[in-house]
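Peer 1: Shown below is the structure under consideration.
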Amino acid sequence: MTNTKQVVTDTGNASTMRGILQSIAIARIRCREFARLRKSDEAQQALARARELYAELLSTADLENPVHRSIVRNRRVDLGMMVAEVESCRLKCEVDKVRRARRKAGA
Numbered sequence: 008m009t010n011t012k013q014v015v016t017d018t019g020n021a022s023t024m025r026g027i028l029q030s031i032a033i034a035r036i037r038c039r040e041f042a043r044l045r046k047s048d049e050a051q052q053a054l055a056r057a058r059e060l061y062a063e064l065l066s067t068a069d070l071e072n073p074v075h076r077s078i079v080r081n082r083r084v085d086l087g088m089m090v091a092e093v094e095s096c097r098l099k100c101e102v103d104k105v106r107r108a109r110r111k112a113g114a
């Protein structure tokens, strides 16, 4: 049995995808760090950047390629986790504001 599929290598596309994936990873790290520090505005900015990069990844990836589909799917999962982290951070900040207001009103 022989492999009859044509292999097309486009190093420009690969380097572009690699750069996008690295930028998404950096945005994910920044988002997680800002969420941990309860800096919700900065975390939302990092999330917005990651969403832009994900859209760029979708336009760059060859969705007929199973490896590219897997990469896109994994980054979509990462994006969902980032959304959850940012929302959790925002809610924690809101709770902190309410607690401070109660303490201030009670004192």
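Numbering (our numbering) for the sequence shown: 8 to 114. The beta-carbon is built from N, C-alpha and C at its ideal position, and this holds for glycine as well.
1. Among residues of its own chain, excluding the 5 on either side of Glu-63, which ones have a beta-carbon nearer than 7 Å to its beta-carbon?
2. Mapping the DSSP letters down to three states, classify Val-15 as helix, strand or coil.
3. Under 8 Å Cβ to Cβ from Val-90, same chain only, skipping five residues before and after it: list those, please.
4. Whose C-beta lies closer than 7 Å to the C-beta of Phe-41 among residues of the same chain, with five residues either side of it excluded?
5. Compare the C-alpha of Glu-59 against each of Asp-69, Arg-76 and Ala-34 and name the closest.
6. Where does the unbroken alpha helix (DSSP H) through Asp-48 begin, and where does it stop?
7. If Val-93 and Ser-47 are in contact, beta carbons under 8 Å, what's the gap, nearest whole angstrom?
Peer 2: Result, derived from the coordinates:
1. Ile-27
2. Bear in mind that a pLDDT of 48 at Val-15, under 50, signals an unreliable position, so the model cannot answer this.
3. Leu-54
4. Glu-49, Ala-50 and Ala-53
5. Ala-34
6. 47 to 67
7. 7 Å
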